[in-house]
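A.B. asks: Per our numbering, the sequence shown runs over residues 1155 to 1524.
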Amino acid sequence: MKKIMLAFGTRPEAIKMAPLVQALEKHPDFEPQVVVTAQHREMLDQILELFAITPRVDLNLMQPGQTLAALTARIVDQLTPVIGELQPDAVIVQGDTTTTFCSALAAFYQDVPIGHVEAGLRTGDIRAPFPEEMNRVLTTRLARWHFAATDNNCQTLLGENVDPDSVFVTGNPVIDALLQVRDRIESGRQSDSTKQLTSQFERPYVLVTGHRRESFGDGFESICRAIATLAERHPELDVIYPVHLNPRVQEPVNRILGTLPNVRLIAPQSYEPFVALMCGATFILTDSGGVQEEAPSLGKPVLVMREQTERQEGLDGGVRLVGTDEVRILEESERLITDEAHYRQMAEAINPYGDGTTSNQIVELLSRLV
Ligand code: UD1
Ligand code: UDP
């Protein structure tokens, strides 16, 4: 049996790693070892519970208002003895968070080969997203195998002189997770709490998420003001906003949007209710990487409140970059509300990031590589 450690810590990593954990569990040659840093606590636990994943080791590292430096030090320091004890044959990391980079670094220091899922994403601007773009670059340098979601991502890696024999185009396992959960909802097998949540929202609504560090301060205030004006000008619409638990997000969102009658600020949702909310939305305003990948598969227009994106594939279809400028966010939102042809064109479902078979492809590759 080959021991494959899956190290992750935040909500999006958990969503994207869950199908891989499931696929490894089914394979006779592999023993998956789930180790969570718990860089996120509540938002991670929601996902672990949904996918019934019990970690072998939980480092429980999150601290309120944590700094990047302290978190980095804690992960490298505390993951190192775990790798020493569990002796994995490979460590798999996903994405571009502090957990991703630090887990790869800890594995590298102990000479354990690293597989990187969602490899090859780049904006080309080391400050945006911050610090994720640097985490991507550093993780690429540390990894032995690179599981790229798209041909574009593969070409990016080859352009950085990564060994072509170590790069594999597999799609993104977020689509495996999305299709699994969407099927559950469409066939009526969703949980009672998901049913209860969605039954509260009967009017048309815009779904919002936002949390990027490089937007904190002026950018985030501007995003919130745009949403406030949108809600005031369109009383026929609700805005539903599950607010990320980062205190630097909570403060401006509650201050600027907290009292508007048609803005519903709710807690971060587990993945099943969130997918149900995406399915019911008129359109989505977000700065999230994962939501940019999911929404095109659901045929939902997305306005991305960032200056640039590493996910170019969606831009030909239902994804538009609108930045953090208040006027632009408002204009593009109103265009979706008033221009039916434009809305229809953006709502065409396309699926650039995978067909739901990514985790099986990665496991198949691991059975050859490890
Ligand atoms: C992190 C990742 C980012 C990813 C995002 C997904 C880094 C540097 N950033 O950003 O790439 O897109 O997760 O959401 O790795 N908090 C809680 N409970 C939780 C989660 C967070 O209270 O379950 C609060 C804590 O006060 C914590 C703060 O949010 O200190 C920030 O969490 P952190 O993981 O450091 O950064 P994110 O902004 O969530
Ligand atoms: N998501 C969720 N509940 C929420 C908001 C988002 O499950 O309340 C999911 C979303 O569908 C996507 C992922 O979380 O799969 C995105 O996480 P986040 O925006 O925190 O991080 P990013 O994708 O920007 O790294």
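Glycine included, each C-beta is placed from N, C-alpha and C at the ideal position.
(1) Have a look at A1192, A1227, L1202, I1229 and flag the residue whose alpha-carbon is nearest the alpha-carbon of M1216.
(2) With a threshold of 16 other CB atoms inside 10 Å of the CB of E1426, please say whether the residue is buried or exposed.
(3) Can H1270 be considered in contact with the ligand UD1, in the sense that its beta carbon sits closer than 8 Å to one or more heavy atoms?
(4) Going by DSSP, what residues sit across from A1161 in a beta bridge?
(5) Please determine, among I1246, Y1497, T1440, the residue with the shortest C-alpha to C-alpha distance to P1267.
(6) Anyone know if the C-beta pair for R1336 and L1213 falls short of 9 Å?
(7) Straight-line CA distance for T1221 to R1498?
(8) Is DSSP giving I1516 helix, strand or coil here?
(9) Starting from the Cα of D1330, find the closest Cα among V1429, P1242, I1237, P1285 and give me that residue.
(10) For L1392 versus P1422, is the C-beta distance shorter than 9 Å?
(11) With 16 other CB atoms within 10 Å as the buried threshold, where does R1295 fall?
(12) Return the residue from the list A1282, L1439, D1317, M1159 that minimises the CA-CA distance to L1384.
(13) Any idea what DSSP makes of A1449, helix, strand or coil?
(14) Kindly indicate which three-state DSSP category E1340 falls into: helix, strand or coil?
(15) When the Cβ atoms of the segment 1499-1518 are set against those of the segment 1475-1482, are three or more pairs found closer than 8 Å?
(16) Hey, would you say P1455 sits closer than 9 Å to L1490, going by beta carbons?
(17) Given a cut-off of 9 Å, decide if D1441 and T1363 are closer than it, judged by their beta-carbon atoms.
(18) For a test of the three-state rule: what should DSSP assign to V1323, helix, strand or coil?
(19) Contact between the segment 1456-1465 and the segment 1394-1409 is defined here as three or more beta-carbon pairs at a separation below 8 Å; is this criterion met?
(20) Starting from F1370, trace the beta strand (DSSP E) both ways and give me its first and last residue.
(21) Looking at R1276 and the ligand UD1, is the gap between the Cβ and the nearest heavy atom below 8 Å?
(22) In whole angstroms, give me the CA-to-CA distance for I1207 and G1249.
(23) Which one or two residues does DSSP pair with T1440 in a beta bridge?
(24) With a threshold of 16 other CB atoms inside 10 Å of the CB of M1155, please say whether the residue is buried or exposed.
(25) Leaving out five residues on either side along the sequence, give the residues of the same chain with a beta carbon under 7 Å from the beta carbon of A1529.
(26) Do you know offhand how far K1170's Cα is from E1203's?
(27) Assess contact between the segment 1393-1407 and the segment 1306-1323, defined as three or more Cβ pairs (one per stretch) separated by less than 8 Å. Is contact present?
(28) I'd like the list of long-range same chain contacts for V1175, defined as Cβ closer than 8 Å, with 5 residues on each side in sequence excluded.
(29) Among all the DSSP beta bridges, which residues are the ones paired with F1301?
(30) Please state if the CB of I1201 and the CB of S1424 are separated by a distance shorter than 9 Å.
(31) Please classify P1235: does DSSP put it in a helix, a strand, or coil?
(32) Would the beta-carbon of N1326 be found less than 8 Å away from any heavy atom of the ligand UD1?
(33) Closest by CA to N1416, which one among F1355, R1474, Q1515, E1375?
(34) Closer than 6 Å by C-beta to F1322: which residues in its own chain qualify, once you throw out the five before and the five after it? Chain order, please.
(35) State the Cα-Cα distance for the pair E1340 and L1361, rounded to the nearest angstrom.
(36) Please classify P1406: does DSSP put it in a helix, a strand, or coil?
C.D. replies: Let me lay it out:
(1) A1192
(2) buried
(3) no
(4) V1189
(5) I1246
(6) no
(7) 43 Å
(8) helix
(9) V1429
(10) First, the residue type needs correcting, since residue 1392 is Asp and not Leu in the sequence shown. No; because the gap between Cβ atoms is not below 9 Å, this pair is not in contact.
(11) exposed
(12) L1439
(13) helix
(14) helix
(15) no
(16) yes
(17) yes
(18) strand
(19) no
(20) Neither: F1370 is in no beta strand (DSSP E) and is coded neither H nor E.
(21) no
(22) 19 Å
(23) V1458
(24) exposed
(25) This structure does not reach residue 1529, given that the chain is present from 1155 up to 1524, and the question cannot be answered.
(26) 14 Å
(27) no
(28) L1160, P1186, V1188, F1205, I1207
(29) V1271, F1322
(30) yes
(31) helix
(32) no
(33) F1355
(34) F1301, L1519
(35) 19 Å
(36) helix
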